[in-house]
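The listed protein sequences correspond, in order, to chains A and B.
Just so we're aligned, residue 36 is where the first sequence starts under the numbering used here, counting upward by one.
Just so we're aligned, residue 40 is where the second sequence starts under the numbering used here, counting upward by one.
Comments concern the structure below.
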Amino acid sequence: MTAAIRVENLGKRYRIGAAQTKFKYGMLRDVLVDMVTAPIRWARSLTNKQPLLEDQPNYIWALNDVTFDVEEGKVLGIVGRNGAGKSTLLKVLSRVTEPTRGTVTVRGRVGSLLEVGTGFHPELTGRENIYMNGAILGMKRAEIESKFDEIVAFSEVEQFIDTPVKRYSSGMYLRLAFAVAAHLEPEILVVDEVLAVGDAEFQKKCLGKMGDVAQQGRTVLFVSHNMSAILRLTEEAIVLDKGKLLMRGPSQQAVDYYLSSGQAQAGERIWDADEIPPNAAPFRPISLRLKDQKGKVVDTVRSIEPLTVEMEYRIESPLTGLRVGFYLSTMRGEYIITSFDTDDGKQYEKFSARDSGHYISRCILPADLFNEGRYMLGVNASSFGVHRYFMDENVLAFNVDISGAPGTQWAEPRQGPIRPRLDWNIEKVE
Amino acid sequence: MTELVKHDPTTIYIKPSTGLTALNLRDIWVYRELVFFMIWRDIKVRYKQTLLGAAWAVIQPVMTMLVFNFIFNGGITKVDTDSNIPYPIFSYTALLPWGLFVTALNQASRSLTSNHNMITKVYFPRLVLPMASVLAGLVDFAIAFVILIGLMVYYNVTPDWNVLWALPSFLLLAIVTALGVALWLSAINVKYRDVNYALPFLTQFWFFITPVVYSASVISEKWQLVYSLNPMAGVVNGFRWALLGAGNGPDAALWVSVGISVLVLVSGLYYFRNMERTFADTI
Numbered sequence: 036m037t038a039a040i041r042v043e044n045l046g047k048r049y050r051i052g053a054a055q056t057k058f059k060y061g062m063l064r065d066v067l068v069d070m071v072t073a074p075i076r077w078a079r080s081l082t083n084k085q086p087l088l089e090d091q092p093n094y095i096w097a098l099n100d101v102t103f104d105v106e107e108g109k110v111l112g113i114v115g116r117n118g119a120g121k122s123t124l125l126k127v128l129s130r131v132t133e134p135t136r137g138t139v140t141v142r143g144r145v146g147s148l149l150e151v152g153t154g155f156h157p158e159l160t161g162r163e164n165i166y167m168n169g170a171i172l173g174m175k176r177a178e179i180e181s182k183f184d185e186i187v188a189f190s191e192v193e194q195f196i197d198t199p200v201k202r203y204s205s206g207m208y209l210r211l212a213f214a215v216a217a218h219l220e221p222e223i224l225v226v227d228e229v230l231a232v233g234d235a236e237f238q239k240k241c242l243g244k245m246g247d248v249a250q251q252g253r254t255v256l257f258v259s260h261n262m263s264a265i266l267r268l269t270e271e272a273i274v275l276d277k278g279k280l281l282m283r284g285p286s287q288q289a290v291d292y293y294l295s296s297g298q299a300q301a302g303e304r305i306w307d308a309d310e311i312p313p314n315a316a317p318f319r320p321i322s323l324r325l326k327d328q329k330g331k332v333v334d335t336v337r338s339i340e341p342l343t344v345e346m347e348y349r350i351e352s353p354l355t356g357l358r359v360g361f362y363l364s365t366m367r368g369e370y371i372i373t374s375f376d377t378d379d380g381k382q383y384e385k386f387s388a389r390d391s392g393h394y395i396s397r398c399i400l401p402a403d404l405f406n407e408g409r410y411m412l413g414v415n416a417s418s419f420g421v422h423r424y425f426m427d428e429n430v431l432a433f434n435v436d437i438s439g440a441p442g443t444q445w446a447e448p449r450q451g452p453i454r455p456r457l458d459w460n461i462e463k464v465e
Numbered sequence: 040m041t042e043l044v045k046h047d048p049t050t051i052y053i054k055p056s057t058g059l060t061a062l063n064l065r066d067i068w069v070y071r072e073l074v075f076f077m078i079w080r081d082i083k084v085r086y087k088q089t090l091l092g093a094a095w096a097v098i099q100p101v102m103t104m105l106v107f108n109f110i111f112n113g114g115i116t117k118v119d120t121d122s123n124i125p126y127p128i129f130s131y132t133a134l135l136p137w138g139l140f141v142t143a144l145n146q147a148s149r150s151l152t153s154n155h156n157m158i159t160k161v162y163f164p165r166l167v168l169p170m171a172s173v174l175a176g177l178v179d180f181a182i183a184f185v186i187l188i189g190l191m192v193y194y195n196v197t198p199d200w201n202v203l204w205a206l207p208s209f210l211l212l213a214i215v216t217a218l219g220v221a222l223w224l225s226a227i228n229v230k231y232r233d234v235n236y237a238l239p240f241l242t243q244f245w246f247f248i249t250p251v252v253y254s255a256s257v258i259s260e261k262w263q264l265v266y267s268l269n270p271m272a273g274v275v276n277g278f279r280w281a282l283l284g285a286g287n288g289p290d291a292a293l294w295v296s297v298g299i300s301v302l303v304l305v306s307g308l309y310y311f312r313n314m315e316r317t318f319a320d321t322i
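What follows is the structure in structure tokens.
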């Protein structure tokens, strides 16, 4: 077996906020001044010791000393939170940006689905865009021609193939864009979050296509927030956090590691100020807690008791239309519940406009709801159709213990995430 | 660790580049089809949703020529065209390469910023973008050239055989110059959008030091060499000589123009390649 991708001590450094310190407005004038004064600073630096690369302020390492390799024909999953360095890694691998340190050796053509539809021009027809997009992705004209019919069939836009794509619906546009990218047939395919787009039917097709690619013995790097997709499509995964590679292992292990890392123990997640993205303002999450019947913060709940989800937050200036809610999903990333504090009509009237202040939105989940297992709580604070202030789908993991639940007299796992206490009526007819 | 097969032709090594980057022009050859597709896209899209369409390629130089003819051919002042060449054809012959040059600069210097979504998402040699923008101007040039042929027939001007090699050569010089300047401007534009504001001023200034409305022969002998530091002066003189038989033809001054032009192109290539590595991060 040979390595299709070998990444060695890879580092990528970005400047953050450098414009504020070095060049006030990033203007040519400042650069000219900088150029003139450069020799003086250089002379000075000969006497003073320069700070090390790591210690310089205003830089962050989006990737830091990442080393791994992928064997030919393997599908490797990449998981990590937002800002963990996943996209940067893919950008370096697909040669969009240069690394700051380290080396990558890639055998074969890298096809990236970083974002489908690159180079699509709204004025060009579907047909023209297929050729254009194919060329940008590195396909030869003959190659595009030979696959043209297949691409069109896959995209399901046959009737509109000679219509400018500006007249397409967003779904058609995406289907066409994905179809071109999916037929690129590179030796190495890099996929990032494409599964988040399109309708369910189309997503299924995309996953199928990715599976085909893997079966043909080509290498796939797959980045997703969808843990069930990671589990389904990959055998191995790496976990990235803050630019570092935390672990590599079989997908199940990596997903468990990812989901359980970073969360507070004991059923509470408290946000530090630096963990809140600036565009969350004026909404500021404080904590998310899970409480049992007695009001104790817990990370394991009994299924036969009700449990309470508490979201504590501050609003720094009055907001209208805000709704704060949670997602509840399985560890495989399948949603079970999405609910908001103003779903109820009366609550909505009362709280659709909220003053600034300190709030707790509390929701009681009834007893006898969940099956045994581990679940994930996520948070969403948004104004519908206006702005999503804060969202994190993987905040807090908790366990459900089913002792005493209906059906536990049989020691067998029951299928499905919910296990409600249902009324059965047995009637003897004869 | 598995063993990597060395010297595989398809193996790509990605590492930080240091110092002067190799030009790697072979990459352009590999992506030559993309250059053609980009040119084709530029042409297809350029006159979309316009009423007059490709007629604009003719309207612009013809209208400019008519205005110049009014101002400089007796209407306001009288400019001396050597060898008694009619002023309309004298200025139109210069307007063709000049228009090509200005269009190329305008399109190419914006080519990277207006395709930023491509640059941040896919790898391809970035040189493709300014190159395609410059070359796409050739289509407008060809359309406008038809009018020149009409003018030559009308004024009964017949070029000699030299035109067969001279015209393509001077056209090449115009393209090399335009590409060289465009490489500098487009790469700077990625980081400093000042280029957008400086460009109209730059082209206006350049217009005055290029013999479009006047004849280069008005420049006194001792300044001729300095004047030819502007490669576009060489191009315009060359066009007039090749098509109309005006002036003395290729001389030492032309080689200065050629030298400058090549210098700008080569330095532009190196500057562009050097900046290329941070395009995706700074655009």
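We treat Cβ as the ideally placed atom computed from N, Cα and C, and that holds for glycine.
**Prompt:** Between the segment 140-162 of chain B and chain A, which residues of the former have a C-beta closer than 7 Å to a C-beta of the latter?
**Reply:** So the close ones are 156, 157, 159, 160, 161, 162.
**Asked** Among A:320, A:386, A:344, which has the Cα closest to the Cα of residue 331 of chain A?
**Response** The option with the nearest alpha carbon to residue 331 of chain A is A:344.
**Message:** What does the Cβ neighbour count give for residue 463 of chain A, buried or exposed, with the cut at 16 atoms within 10 Å?
**Reply:** Within 10 angstroms of the beta-carbon of residue 463 of chain A lie fewer than 16 other beta-carbons, which makes it exposed.
**Asked** Going along the segment 122-143 of chain A in order, which residues come within less than 8 Å of chain B, judged by CB to CB distance?
**Response** Listed by position along the chain: 126, 127, 128, 129, 130, 131, 132, 133, 134, 135, 136, 137, 138, 139, 140, 141, 142, 143.
**The alpha helix (DSSP H) enclosing residue 177 of chain A, as first and last residue numbers** = Residue 177 of chain A -> alpha helix (DSSP H) spans 176-190.
**Prompt:** From this set, B:141, B:70, B:155, B:258, which residue's C-alpha is nearest residue 119 of chain B's C-alpha?
**Reply:** Checked all of B:141, B:70, B:155, B:258; the closest Cα to residue 119 of chain B is B:258.
**Message:** Considering only DSSP beta bridges, list what residue 375 of chain A is partnered with.
**Reply:** Paired residues: A:360.
**Request:** Look up residue 315 of chain B in the DSSP assignment and say whether it is helix, strand or coil.
**Result:** Residue state for residue 315 of chain B is assigned as helix, using DSSP reduced to three classes.
**Prompt:** Could you give the distance in angstroms between the alpha-carbon of residue 390 of chain A and the alpha-carbon of residue 353 of chain A?
**Reply:** If you take the alpha carbons of residue 390 of chain A and residue 353 of chain A, they lie about 4 Å apart.
**Closer than 8 Å at the beta carbon, the chain B residues around residue 49 of chain A** = Those are 320, listed as they occur along chain B.
**Asked** Since residue 321 of chain A is in the beta strand (DSSP E), which residue starts that stretch and which ends it?
**Response** First-last of the beta strand (DSSP E) with residue 321 of chain A: 318-326.
**Request:** For residue 102 of chain A, go through chain D and note every residue whose CB falls closer than 9 Å to its CB, in chain order.
**Result:** Protein chains A and B are contained in the structure displayed, whereas chain D is not.
**Item:** Secondary structure of residue 162 of chain B, DSSP reduced to three states
**Value:** Residue 162 of chain B: coil per DSSP, three-state reduction.
**Asked** Under the three-state reduction of DSSP, which class applies to residue 186 of chain B: helix, strand or coil?
**Response** It is helical.
**Item:** Own chain partners of residue 201 of chain B with C-beta closer than 7 Å, once the 5 adjacent residues on each side are dropped
**Value:** Short of 7 Å from the beta carbon of residue 201 of chain B, and not among the five residues preceding or following it, lie these beta carbons of its own chain, in chain order: 281.
**Asked** How would you label residue 126 of chain A, buried or exposed, when you count the other beta carbons within 10 angstroms and need 16 or more for buried?
**Response** With 16 or more Cβ atoms within 10 Å of its Cβ, residue 126 of chain A is classed as buried.
**Asked** Is it true that the segment 179-186 of chain B meets the segment 242-258 of chain B, where meeting means three or more beta-carbon pairs spaced less than 8 Å apart?
**Response** Here the segment 179-186 of chain B does not lie against the segment 242-258 of chain B, with fewer than 3 beta-carbon pairs under 8 Å apart.
**Asked** In chain A, which residues lie less than 9 Å from residue 51 of chain B when you measure between Cβ atoms?
**Response** Within chain A, the residues near residue 51 of chain B are 130, 139, 140, 141, 142, 143, 144, 145.
**CB contact flag (residue 70 of chain B, residue 163 of chain B, <7 Å)** = A contact, by the Cβ cut-off of 7 Å.
**Request:** Evaluate residue 134 of chain A with the Cβ neighbour count: other Cβ atoms within 10 Å of its Cβ, from every protein chain shown; 16 or more gives buried, anything less gives exposed.
**Result:** Buried, since its Cβ has 16 or more Cβ neighbours within 10 Å.
**Item:** Interfacial residues, the segment 63-88 of chain B to chain A, with Cβ spacing under 7 Å
**Value:** Of all residues in the segment 63-88 of chain B, 72, 73, 76, 80, 83, 84, 87 have a Cβ within less than 7 Å of some Cβ in chain A.
**Request:** Ignore the nearest five residues each way along the sequence and tell me which others in residue 46 of chain A's own chain have a CB closer than 7 Å to its CB.
**Result:** Once the five neighbours on either side are set aside, the close Cβ partners of residue 46 of chain A are 96, 98, 99, 100, 134, 135, 136, 137.
**Short CB-CB distance (under 7 Å) between residue 298 of chain A and chain B** = Low confidence applies to residue 298 of chain A: its pLDDT is 43, below 50, so where it sits in the model is not reliable, and the reading given next is rough at best. Cβ-Cβ to chain B under 7 Å: no for residue 298 of chain A.
**chain B within 7 Å of residue 220 of chain A, Cβ atoms only** = Interface with chain B (7 Å Cβ-Cβ cutoff): residue 220 of chain A is excluded.
**Message:** I want to verify the contact list: residues of chain B whose CB lies under 9 Å from the CB of residue 176 of chain A, in sequence order.
**Reply:** Below the 9 Å Cβ cutoff, chain B contributes 72, 75, 76 as neighbours of residue 176 of chain A, in chain order.
**Prompt:** Below 8 Å, can you find three or more Cβ-Cβ pairs linking the segment 153-172 of chain B to the segment 123-132 of chain B?
**Reply:** With the cut-off at 8 Å, the segment 153-172 of chain B and the segment 123-132 of chain B do not touch.
**Asked** Quick one: is residue 140 of chain A buried, meaning 16 or more other Cβ sit within 10 Å of its Cβ, or exposed?
**Response** The residue is buried, with at least 16 neighbouring Cβ atoms inside 10 Å.
**Under 7 Å by beta carbon: chain A residues contacting residue 324 of chain B** = An answer regarding residue 324 of chain B cannot be provided, because it is not within the stretch 40 to 322 covered by chain B.
**Request:** Using a cut-off of 7 Å between C-beta atoms, extract the partners of residue 316 of chain B located in chain A.
**Result:** For residue 316 of chain B, the chain A residues whose C-beta falls within less than 7 Å of its own C-beta are 133, listed in chain order.
**Item:** residue 257 of chain A versus residue 53 of chain B: straight-line alpha-carbon distance, rounded
**Value:** Approximately 20 Å between the Cα atoms of the pair.
**Request:** Could you tell me the boundaries of the alpha helix (DSSP H) in which residue 161 of chain A lies?
**Result:** 161-171 is the extent of the alpha helix (DSSP H) around residue 161 of chain A.
**Prompt:** Are there three or more Cβ pairs, one per stretch, closer than 8 Å when the segment 407-425 of chain A is compared with the segment 365-385 of chain A?
**Reply:** Yes, since at least three Cβ pairs between the segment 407-425 of chain A and the segment 365-385 of chain A fall closer than 8 Å, the two stretches touch.
**Message:** Judging by CA-CA distance, which residue of A:215, A:402, A:392, A:383 is the nearest neighbour of residue 327 of chain A?
**Reply:** Considering only alpha carbons, the answer is A:402.
**Message:** Quick check on the DSSP output: the alpha helix (DSSP H) that includes residue 238 of chain B runs from which residue to which?
**Reply:** Where residue 238 of chain B is concerned, the enclosing alpha helix (DSSP H) stretches over 233-247.
**Prompt:** If you drop the 5 nearest sequence neighbours on each side, which residues of the same chain put their C-beta closer than 6 Å to that of residue 112 of chain B?
**Reply:** Excluding residues within five positions, the ones whose Cβ falls inside 6 Å are 126.
**Asked** Would you say the segment 109-123 of chain A touches the segment 269-289 of chain A, given that touching needs at least three Cβ pairs under 8 Å?
**Response** Touching, yes, given that three or more Cβ pairs across the two stretches are closer than 8 Å.
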